[in-house]
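Count the sequence shown with the working numbering and you get residues 138 to 477, in order. For each residue, glycine too, the CB sits at the ideal point set by N, CA and C. The next block holds one structure in the form of structure tokens; read it before the comments.
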Amino acid sequence: MKHYKSLAAASLALLLLAACGSSGIGDILGGGNGGNGANGNYEIRGTVDSVDLSNRSIYLTNVSGYNTSMLSNGGGSAVRVYYDANTPVDYQGQSYRPQDLERGDQISVRVDESGNTLVAQSVSVLYDATNNNGSSYPTGNYPNGSYTTSIRGTVRSIDTSRRTIEVDRGYGSTVLVDFSTNTPVYWNNQSYRVSDLERGDEVDIRTTDLGNGRYSAQDINVLRSISSNNNGTYNNGSSNNGTYNNVSTIRGTVRSVDLSRRTIQLDSANWISGFNTNAGTGVNSITVQFPSNAQIEMSGRAYPLSGLERGDVIEVEVTNANSSLPLAQRILLVRDVNSR
138 MKHYKSLAAA
148 SLALLLLAAC
158 GSSGIGDILG
168 GGNGGNGANG
178 NYEIRGTVDS
188 VDLSNRSIYL
198 TNVSGYNTSM
208 LSNGGGSAVR
218 VYYDANTPVD
228 YQGQSYRPQD
238 LERGDQISVR
248 VDESGNTLVA
258 QSVSVLYDAT
268 NNNGSSYPTG
278 NYPNGSYTTS
288 IRGTVRSIDT
298 SRRTIEVDRG
308 YGSTVLVDFS
318 TNTPVYWNNQ
328 SYRVSDLERG
338 DEVDIRTTDL
348 GNGRYSAQDI
358 NVLRSISSNN
368 NGTYNNGSSN
378 NGTYNNVSTI
388 RGTVRSVDLS
398 RRTIQLDSAN
408 WISGFNTNAG
418 TGVNSITVQF
428 PSNAQIEMSG
438 RAYPLSGLER
448 GDVIEVEVTN
458 ANSSLPLAQR
468 ILLVRDVNSR
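In structure tokens:
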């Protein structure tokens with residue numbers, strides 16, 4: 138991307154240097170004890186879209202209450218909030234961890250704004266997406282040494298010898314889940330074996346968090362089947378009173394951006410998840426169309442697509458994946474051609 142990416146990187150570098158010199162790396166990454174950030178401490182609200190365990194961040198949509206200078210696309214926008222191991226999550230008077238959060242949870246976050254970064258000081262769960270009947274959160278037996286959490290994503294691979302499932306949670310985040318010979322798989326009110334799963338199936342896995350990044354599957358619900366005869370839908374296209382759209386993700390290197398025709402041409406393109414007929418395969422070159430209000434997301438902020446440059450690596454979530462011109466729903470910068 139163009140000059141504003143360099144400015145963002147430079148700002149972040151200066152922020153890190155200043156913070157390290159004054160108060161240590163712990164103050165940069167949060168910890169629930171920080172004071173006011175360089176640009177203020179305030180509360181935001183939003184809906185959890187994903188939790189990235191690798192870079193310790195929460196991606197929120199439908200955000201309100203943020204400092205509008207943080208984002209360029211107005212109210213109801215998306216933002217990424219960073220956390221650390223000490224960031225507390227409160228739900229009905231009990232304490233949890235950020236990784237317990239699930240897609241669809243509505244939360245209130247007390248944040249420090251430092252430059253272009255939002256750092257969570259504390260999190261309060263306002264609505265539990267998977268269990269709104271007043272019982273335990275997220276779904277199980279916390280804090281009895283191990284506890285239950287839900288992992289949703291696309292099956293990337295199954296190793297029957299090691300009894301592990303690799304799940305693509307989206308946005309470059311993957312996780313390995315252990316399973317046993319007795320782990321049930323549910324699809325259309327019928328039971329199956331884990332070996333019946335296929336690459337590309339979208340699943341919701343109820344797991345026991347064993348700590349140190351290890352998860353053990355209790356049961357697996359198939360939300361969409363890659364080989365289903367009814368277009369891969371679950372319960373006639375809806376689950377939990379919501380509708381799932383056929384969304385696939387493709388990664389590639391930008392060759393060109395045509396702002397007048399609203400198209401992006403990608404080289405070295407590869408389907409990394411989704412329910413298209415070529416899931417998991419390379420397609421060499423592909424052209425995707427984008428809507429007039431499309432933006433590129435980078436480090437939790439949104440920028441105009443005019444900033445994309447030849448050589449940038451991006452991930453694009455698309456619908457109509459099997460058509461000649463897939464439609465972009467979301468565009469994320471994976472690697473900046475100017476970064477070193």
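Buried or exposed for Leu470, going by 16 or more other Cβ atoms inside 10 Å?
It is buried - the Cβ of Leu470 has at least 16 other Cβ atoms within 10 Å.
Check your understanding: Going by other Cβ atoms of all chains shown within 10 Å of its Cβ, with 16 needed for buried, is Asp296 buried or exposed?
Key -> Burial call: exposed.
Legend entry - For Gln229, three-class secondary structure by DSSP: Coil at Gln229, not helix or strand.
| request: Grab the span of the beta strand (DSSP E) containing Pro441 for me, first residue to last. | output: Counting along the chain, the beta strand (DSSP E) containing Pro441 begins and ends at Arg438 to Pro441.
**Asked** Can you tell me where the beta strand (DSSP E) with Ile244 in it begins and where it stops?
**Response** Unbroken beta strand (DSSP E) run through Ile244: Gln243 to Ser251.
Note to self: Please report the straight-line C-alpha distance between Gln327 and Pro441, rounded to a whole angstrom.
What the structure shows: Roughly 46 Å between the two C-alpha positions.
Taking all protein chains shown into account, do 16 or more other C-beta atoms lie within 10 angstroms of the C-beta of Pro428, making it buried, or fewer, making it exposed? It counts as exposed.
Q: Just mark Leu403 as buried or exposed, buried being the case when its beta carbon has 16 or more other beta carbons within 10 Å.
A: Result: buried.
Worksheet entry | Whether Tyr219 touches Ser194 by CB criterion (7 Å) | In this structure, the beta-carbon distance from Tyr219 to Ser194 falls below 7 Å.
With a threshold of 16 other CB atoms inside 10 Å of the CB of Gln478, please say whether the residue is buried or exposed. For the chain, the structure presents residues 138 to 477; residue 478 sits outside this window and is missing.
In terms of DSSP beta bridges, what is Val453 paired with? According to DSSP, which records beta bridges pairwise, Val453 is partnered with Ile387 and Ile468.
**Request:** Inspect the beta-carbon positions of Glu303 and Thr311 and report whether they are closer than 7 Å.
**Result:** Their beta carbons are under 7 Å apart, which means Glu303 touches Thr311 by this criterion.
Practice item. Just confirm the distance between the C-beta atoms of Ala266 and Arg300, as a whole number of angstroms; I'd bet it's less than 8 Å. Key: Their Cβ separation, rounded to whole angstroms, is 29 Å, which puts Ala266 and Arg300 out of contact at 8 Å.
Problem set entry | Per DSSP, the bridge partner or partners of Arg182 | DSSP lists Ser201 and Ser245 as the bridge partner or partners of Arg182.
- Query: Measuring CA to CA, which of Ser294, Leu313, Leu238 and Asp227 is closest to Ser353?
  - Reply: Per the Cα distances, Leu313.
inquiry  = Give me the residue from Tyr323, Asp189, Ile288 and Ser245 with the minimum Cα distance to Asp346.
reply    = Comparing Cα positions, the closest option is Ile288.
Problem - Three-state class that DSSP yields for Gly350 in the structure shown - result: Coil, per DSSP.
By Cβ distance, which residues of its chain are closer than 6 Å to Leu462, with the 5 residues on each side in sequence left out? Gln426, listed in sequence order.
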